[in-house]
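What follows is a short report on a single structure.
Protein chains: 2
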Amino acid sequence: MREVFHQNLKIVSDQLVELTHLAGSAMSRATTALIDADLALAESVITADQRIDEVRAELDALAIDLLARQQPVAGDLRMVVTSMRMSSDLERMGDLARHIAKVARLRYPNSAVPAELRATIVEMGHIAEELVAKAGSVIASRDIVAAQELEHDDDAMDAKHRELFTRLADKWTHGTTAAVDITLLGRYYERFGDHAVSVASRVVYLVTGEWDLAVDHEDHEDDLDLS
Amino acid sequence: MREVFHQNLKIVSDQLVELTHLAGSAMSRATTALIDADLALAESVITADQRIDEVRAELDALAIDLLARQQPVAGDLRMVVTSMRMSSDLERMGDLARHIAKVARLRYPNSAVPAELRATIVEMGHIAEELVAKAGSVIASRDIVAAQELEHDDDAMDAKHRELFTRLADKWTHGTTAAVDITLLGRYYERFGDHAVSVASRVVYLVTGEWDLAVDHEDHEDDLDLS
């Protein structure tokens, strides 16, 4: 019984790692679609989000089945409940990549990103990919040192996000529509990073044996002074 | 044993209803603080969000305790897991009200909202309050007709959100900083509504006996054409 349970937990863990791959790939392609104004690539990201939703639904169904059939307690219960929370974060990360692809599609054949901001957006895309890749490694390895590093790694995203707002506040010459796009894009990248940090924090709680009742939905946008 | 379980489920349900009250109150006061540029009121919303986080943590701790001690199956298990998902939505709604209060604080002693848009924002605030109040009633009553109405009620929020984007796209004269503020505020109200719809949809799944594997984080922003 317990062996079956742990085989199933391993499947759940593998699905979480797969979700990090899918979310990372979506983010990478969404950023390229945005910068290159590549409509076909944008469409492919939008379509592929369905696969993320499916893996997430499979994972949650398996987790619920484990709760019902195996009635885990203590660490096993924590693992199952926490997995569902991580799947929620990762599904949301897929949505955020899809939002970025939708902005790319909306502005096609132009790029939504003014030339002078492309380097910043490309870098936010790279940071996002690195954060979700590291979150995936942390899920697989249970390396809590790496997990704790993620919060610090996300500071680079916050810095780039602040850079966008500085540009928006200072002699913006690209018009209101571009300002709206950049505001939303900045928030999508930022929230993607926040959810990656959430995933890693949940692994820390798993390993330390505490419940992650406080780490949900951390939102670093709060600290932004837009003025 | 089952009687104790159902007493505890009643506590969880009451806590969910309390969370809808707290989120609704936060949203009402955040909107007033934003429109009136009332710094003290904005600060009170920001501080009060901690109470929402606490109630949410208590609720989740009780739900997890029920899973561990009572090992519910079928409808009872669904109720416990779904309650944790609803508490996550409601906690997030509190965060979104806090974000609005933070924009009010940031622009004090000015209002972040240009005079011509105040009626629209006030109306978005009212729609948000009505949605969360109705979500609270639905949790208490299990009235799935009312629950299903919420998705339609949220269309009014989408329409107002679209109205904001139309104003932003057409002869915007209030500068880039105000455009950034309005873009973010619009998204906060919109997402608040989406989470209220999520809560109601989860009640539908509870009553119909299905799992709500697909309703998470619906995001109507997707349908917005910003051009």
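Quick note, the sequences are listed as chains L and G, same order. Taking the numbering used here, the leading residue of the first sequence gets 61, the next gets one more, and so forth. Taking the numbering used here, the leading residue of the second sequence gets 61, the next gets one more, and so forth. Yeah, the Cβ is synthetic: ideal placement off N, Cα and C, and Gly gets one too. Quick caveat, the model's predicted, so the values are computed rather than measured.
Quick one: does residue i have its CB under 8 Å from some CB of chain G?
| i | result |
| --- | --- |
| residue 131 of chain L | yes |
| residue 124 of chain L | yes |
| residue 229 of chain L | yes |
| residue 236 of chain L | yes |
Can you find the residues in the same chain that come closer than 7 Å, C-beta to C-beta, to residue i, ignoring five residues on each side of it along the sequence?
| i | result |
| --- | --- |
| residue 127 of chain G | 140 |
| residue 202 of chain G | 263 and 267 |
| residue 99 of chain G | 165 and 168 |
Whole angstroms are fine: how far does the CA of residue j sit from the CA of residue i?
| i | j | result |
| --- | --- | --- |
| residue 113 of chain G | residue 72 of chain G | 15 Å |
| residue 122 of chain L | residue 69 of chain L | 9 Å |
| residue 289 of chain G | residue 169 of chain L | The requested residue 289 of chain G is not part of the displayed model; chain G covers only 61 to 287. |
| residue 103 of chain L | residue 192 of chain G | 34 Å |
| residue 151 of chain L | residue 188 of chain L | 15 Å |
| residue 149 of chain G | residue 185 of chain G | 18 Å |
| residue 210 of chain L | residue 173 of chain G | 36 Å |
| residue 289 of chain L | residue 217 of chain G | In this structure chain L extends from 61 to 287, so residue 289 of chain L is not present and cannot be described. |
| residue 101 of chain L | residue 93 of chain L | 6 Å |
| residue 75 of chain G | residue 180 of chain L | 43 Å |
| residue 231 of chain G | residue 238 of chain G | 13 Å |
| residue 205 of chain G | residue 110 of chain G | 33 Å |
| residue 118 of chain L | residue 124 of chain L | 10 Å |
| residue 229 of chain G | residue 260 of chain G | 33 Å |
| residue 182 of chain L | residue 137 of chain G | 44 Å |
| residue 67 of chain L | residue 142 of chain L | 17 Å |
| residue 242 of chain G | residue 247 of chain L | 14 Å |
| residue 240 of chain G | residue 240 of chain L | 6 Å |
| residue 224 of chain L | residue 225 of chain G | 20 Å |
| residue 155 of chain L | residue 85 of chain L | 13 Å |
Counting only beta-carbon atoms, is residue i nearer than 8 Å to chain L?
| i | result |
| --- | --- |
| residue 240 of chain G | yes |
| residue 5 of chain G | Residue 5 of chain G is absent from the model: chain G starts at 61 and stops at 287. |
| residue 79 of chain G | no |
| residue 243 of chain G | yes |
Kindly list the residues whose CB is nearer than 6 Å to the CB of residue i, restricted to its own chain and excluding five residues on each side of it in sequence; keep chain order.
| i | result |
| --- | --- |
| residue 214 of chain G | 253 and 257 |
| residue 90 of chain G | 105, 157, 160 and 161 |
| residue 200 of chain L | 77 |
| residue 82 of chain G | 112 |
| residue 153 of chain L | 83, 252 and 255 |
| residue 116 of chain L | 147 and 151 |
| residue 130 of chain G | 65 |
| residue 272 of chain L | 262 and 265 |
| residue 87 of chain L | 157, 188 and 189 |
| residue 249 of chain G | 184 and 188 |
| residue 196 of chain G | 77 and 80 |
| residue 198 of chain G | 206, 207, 260 and 263 |
| residue 244 of chain G | none |
For a test of your reading of the model: does the CB of residue i fall under 7 Å from any non-hydrogen atom of the ligand GDP? Yes or no.
| i | result |
| --- | --- |
| residue 111 of chain L | Judged by which ligands are present, the structure shown has none, so any question about the ligand GDP falls away. |
Around the Cβ of residue i, are there at least 16 other Cβ atoms within 10 angstroms (buried) or fewer (exposed)?
| i | result |
| --- | --- |
| residue 236 of chain L | buried |
| residue 134 of chain G | exposed |
| residue 268 of chain L | exposed |
| residue 233 of chain L | exposed |
| residue 221 of chain G | buried |
| residue 165 of chain G | buried |
| residue 62 of chain L | exposed |
| residue 270 of chain L | exposed |
Considering only residues of the same chain and omitting the five flanking positions on each side of residue i, which have a CB-CB separation below 8 Å?
| i | result |
| --- | --- |
| residue 120 of chain L | 144 and 147 |
| residue 176 of chain L | 227 |
| residue 297 of chain L | An answer regarding residue 297 of chain L cannot be provided, because it is not within the stretch 61 to 287 covered by chain L. |
| residue 171 of chain L | 94, 95, 96, 97, 164 and 178 |
| residue 194 of chain L | 206, 209, 210, 213, 256 and 260 |
For a contact meaning CB atoms closer than 8 Å, what does residue i contact in chain A?
| i | result |
| --- | --- |
| residue 128 of chain G | In the displayed structure, chain A is absent; the protein chains listed are L and G. |
Considering only residues of the region 182 to 268 of chain G, which uninterrupted alpha helix (DSSP H) runs meet the minimum length of 4 residues and lie entirely inside it, listed in chain order? 204 to 229 and 235 to 268
Restricting to runs no shorter than 3 residues, where is the beta strand (DSSP E) found entirely within the region 92 to 122 of chain L? none
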